[in-house]
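Enquirer:
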Amino acid sequence: MNKTIRRASVFALLLVFALLVRATWVQFYDGQALADDKDNRRNAIATYAAPLGDIIVAGDAVTGSARTSGGDLAYKRTYTDGELYAAVTGYASQAYAPTQLEGIYADLLNGTDTRLKTVMDTVTNQRADPGDVVTTIDPDVQRAAYEALGDKKGAAVAIDPSTGRVLGVVSTPSYDPSSLTDANTAGEAWEELNADEDKPLTNRALRQPLPPGSTFKLVVAAAALEDGLYASVDDKTDSPDPYTLPGTTRVLSNENPNAPCENATIRTALQYSCNNVFAKMAVDLGEDEVRAMAERFGFNDDEQDVPVRAYESVYPSDLDDAQTALTGIGQFDVTAPPLQMAMVSAAIANGGELVAPHMVSKITDSDGDALEDYDANASSKEIVSSATAEQLRSAMGTVVDEGTGSNAQIPGAEVGGKTGTAQHGENNSKTPYAWFTSYARSDSSDREVAVAVVVEQSDAARSEVSGNGLAAPVARAMMEAALND
């Protein structure tokens with residue numbers, strides 16, 4: 064064989080080898096990438112070729128699947144009481160990426176989760192029958208919150224302190240997930256929802272951090288007791304009234320100028336929501352001590368999953384004394400969604416121990432067998448000592464029985480709470496946020512619940528905006544539903 068032919072043969076073999084390598088690459092690497100591409104129409108066709116698994120509330124499915132009348136997508140998602148449960152379920156759409164539980168458990172619900180495959184599914188490479196998501200949501204608590212919030216812009220969360228089970232997650236205004244399920248009609252609904260200035264697609268309960276106002280005083284009080292700054296909620300504090308913010312000429316006022324806030328005990332200061340006491344207390348503790356306690360409750364945790372990822376609650380750093388004082392009353396750059404403030408009350412109600420909040424009880428295969436049991440595997444940690452928790456519970460009880468939280472009283476139950484009115488806008492120019500966080504324990508059973516509510520906007524006059532006036536009645540409705548279930 065002459066040299067030219069030999070070289071041509073080698074070159075041809077190299078070309079064949081290159082083609083084989085490229086084909087293998089496309090089949091096993093690019094092929095998988097193309098299969099996984101969100102814009103691959105075949106994925107949507109496969110996902111909606113059969114009914115999806117369901118999201119379950121108290122034994123009943125709040126989701127379903129309906130046969131479509133045409134096109135290549137055989138089924139679409141449906142919802143029962145969609146607006147009521149939107150903050151829990153999210154939506155599964157033929158046109159948009161799924162959200163909330165629909166998004167987190169998309170593989171389970173469409174049958175592609177490898178844990179669902181039987182031996183026969185593996186042999187035939189068929190999609191498995193889908194599984195279900197069993198939630199911890201109590202429908203009575205959920206509905207009580209939704210109806211009590213009504214046309215207000217706000218959110219509410221309820222937790223069972225002893226188990227961490229999330230009993231209610233409500234965000235208003237809500238939306239109907241069914242409007243987004245059909246690819247032929249979802250676009251118009253999507254544009255309308257996103258153009259709404261009230262942002263109904265935002266899950267305010269988990270992902271709308273706001274200044275918590277005076278509800279944060281519970282965290283500061285916990286730090287003062289744990290640190291030993293004060294031995295008891297009934298010890299007099301060193302709290303001048305009026306209190307001038309350190310290094311400034313600004314005098315921090317109290318909502319009630321006639322309240323007995325000068326050198327008030329922690330109990331009295333919570334009862335009357337004395338700003339001077341907790342601002343001075345935060346400065347006396349120092350920002351590091353306050354931040355440490357806040358972080359024990361869950362602040363500054365960017366991986367708070369329930370299993371939907373909650374927006375991070377923030378206690379800031381690098382503060383001067385005046386800024387530290389303002390954080391003591393839940394202002395400056397302190398922010399938290401309702402979930403976080405419900406966790407504060409839950410830990411206090413549960414003897415100082417916080418059980419990780421979760422709104423999914425278990426996930427199951429198509430036969431109902433558990434693939435993962437979140438109730439059984441819920442973790443817990445001690446936030447404060449049982450002695451500190453008991454003192455704070457007692458002081459929160461005084462707030463409801465004799466102080467600013469009277470609208471949360473429930474006959475036949477021990478109720479403790481803390482109101483909050485958080486400033487909003489430059490120089491407090493916008494309507495304040497009304498907060499309430501609380502716990503309730505039945506006198507006749509072992510039922511208990513912790514709640515947090517925020518009302519961002521209502522029809523109430525600015526002078527009537529308060530945690531007790533707007534948020535406490537919502538909390539009371541939720542707590543009554545939980546205790547009377």
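In terms of our numbering, the numbers along the sequence shown are unbroken and rise by one, the last being 548. The beta-carbon is built from N, C-alpha and C at its ideal position, and this holds for glycine as well.
#1: Taking DSSP as the reference, what is the three-state secondary structure of serine 225?
#2: With C-beta atoms as the reference, is arginine 228 less than 9 Å away from threonine 199?
#3: Is it the case that the Cβ atoms of serine 408 and valine 283 are separated by a distance below 9 Å?
#4: With a threshold of 16 other CB atoms inside 10 Å of the CB of asparagine 338, please say whether the residue is buried or exposed.
#5: Tell me which residue opens and which closes the alpha helix (DSSP H) that isoleucine 329 is part of.
#6: In the DSSP assignment, find the alpha helix (DSSP H) that holds threonine 500 and state where it starts and stops.
#7: Kindly indicate which residue of Ala439, Glu318, Asn547 has the alpha-carbon position closest to the one of proline 495.
#8: To the nearest angstrom, how far is the alpha carbon of glutamine 95 from that of valine 196?
#9: Give the DSSP bridge partners of serine 443, in chain order.
#10: Strictly by DSSP, which residues pair up with valine 528?
#11: Could you tell me whether the Cβ atoms of valine 127 and threonine 143 are closer together than 9 Å?
#12: Go ahead and pull the three-state DSSP assignment for alanine 534.
#13: For tyrosine 209, does the three-state DSSP call read helix, strand or coil?
#14: Compute the Euclidean distance between the alpha carbons of alanine 355 and alanine 160, then round it to the nearest angstrom.
#15: From glutamine 520 to glycine 231, what distance separates their C-alpha atoms?
#16: Can you tell which of Ser501, Pro474, Ala268 has the C-alpha that lies nearest to the C-alpha of valine 462?
#17: I need the straight-line Cα distance from alanine 169 to threonine 152, nearest angstrom please.
#18: When you compare each of Leu82, Trp253, Gly174, Leu147 to serine 156 by their alpha carbons, which one comes out closest?
#19: So arginine 456 is in the beta strand (DSSP E); what residue range does that whole segment cover?
#20: Is the beta carbon of glutamate 375 closer than 9 Å to that of glutamine 386?
#21: In this structure, how does DSSP classify arginine 539 when only helix, strand and coil are distinguished?
#22: Is isoleucine 68 helix, strand or coil when you go by DSSP?
#23: Could you name each continuous alpha helix (DSSP H) segment of 4 residues or more that falls completely within the stretch 238 to 306, going from the start of the chain to the end?
#24: Identify the continuous alpha helix (DSSP H) that holds serine 156 and give its terminal residues.
#25: So what's glutamine 95 in DSSP terms, helix, strand or just coil?
#26: Where does glutamine 189 sit, in a helix, a strand or coil, going by DSSP?
#27: Does the Cβ of arginine 105 have 16 or more other Cβ atoms within 10 Å, making it buried, or fewer, making it exposed?
#28: What's the C-alpha gap between proline 536 and aspartate 384?
#29: Give the DSSP-derived three-state secondary structure of alanine 558 in the structure shown.
#30: Would you report the Cα separation of alanine 249 and leucine 243, rounded to the nearest angstrom?
#31: How close, in whole Å, do the beta carbons of proline 401 and threonine 390 come, if the pair is a contact with beta carbons under 8 Å?
#32: Please confirm whether aspartate 245 and alanine 107 have their CB atoms less than 9 Å apart.
#33: Using the Cα positions of alanine 112 and threonine 175, report the straight-line distance between them to the nearest angstrom.
#34: Which whole-angstrom value describes the C-beta separation of glycine 361 and tryptophan 498, a residue pair presumed to lie in contact below a C-beta threshold of 8 Å?
#35: Out of Ala137, Asn173, Asp203, which has the shortest C-alpha to C-alpha gap to arginine 190?
#36: Between the C-alpha atoms of valine 120 and arginine 504, what's the straight-line distance to the nearest angstrom?
Expert: Walking through what the data contain:
#1: Three-state DSSP puts serine 225 in coil, outside helix and strand.
#2: yes
#3: Cβ distance not < 9 Å, so serine 408 and valine 283 don't count as in contact.
#4: buried
#5: 329 to 335
#6: Careful: threonine 500 lies outside any alpha helix (DSSP H), inside the beta strand (DSSP E) at 493 to 505.
#7: Residue Glu318 is the option with its Cα nearest to proline 495.
#8: Interpretation of glutamine 95 is limited by its pLDDT of 49, a score under 50 that renders its predicted location unreliable; the figure taken from the coordinates is listed afterwards. Those two C-alpha atoms are separated by around 27 Å.
#9: Bridge partners of serine 443 according to DSSP: Val418.
#10: In DSSP, valine 528 forms no bridge with anything.
#11: Residue identity check: residue 127 is glycine in the sequence provided, not valine. Yes, the Cβ-Cβ distance between glycine 127 and threonine 143 is below 9 Å.
#12: In the structure shown, alanine 534 sits in a helix (DSSP, three-state: H, G or I).
#13: helix
#14: Going by the C-alpha atoms only, they are around 37 Å apart.
#15: 20 Å
#16: Answer by Cα proximity: Ser501.
#17: Note on geometry: alpha-carbon atoms of alanine 169 and threonine 152 lie some 11 Å from one another.
#18: Trp253
#19: Looking at the DSSP string, arginine 456 is not in any beta strand (DSSP E); the run it does join, the alpha helix (DSSP H), is 449 to 465.
#20: Not closer than 9 Å, so no.
#21: helix
#22: helix
#23: 249 to 258, 267 to 270, 280 to 290
#24: Taken as a continuous stretch (DSSP letters only), serine 156 belongs to no alpha helix (DSSP H), as it is neither H nor E.
#25: Low confidence applies to glutamine 95: its pLDDT is 49, below 50, so where it sits in the model is not reliable, and the reading given next is rough at best. In the structure shown, glutamine 95 sits in a helix (DSSP, three-state: H, G or I).
#26: coil
#27: exposed
#28: 36 Å
#29: Coverage of the chain is limited to positions 64 through 548, which leaves residue 558 absent and any answer about it impossible.
#30: Cα to Cα, the separation comes out at about 4 Å.
#31: About 19 Å; that fails the 8 Å criterion.
#32: Their beta carbons are not under 9 Å apart, which means aspartate 245 does not touch alanine 107 by this criterion.
#33: 13 Å
#34: The pair is not a contact, with the Cβ atoms about 16 Å apart (cut-off 8 Å).
#35: Asn173
#36: Valine 120 and arginine 504: Cα-Cα distance of roughly 23 Å.
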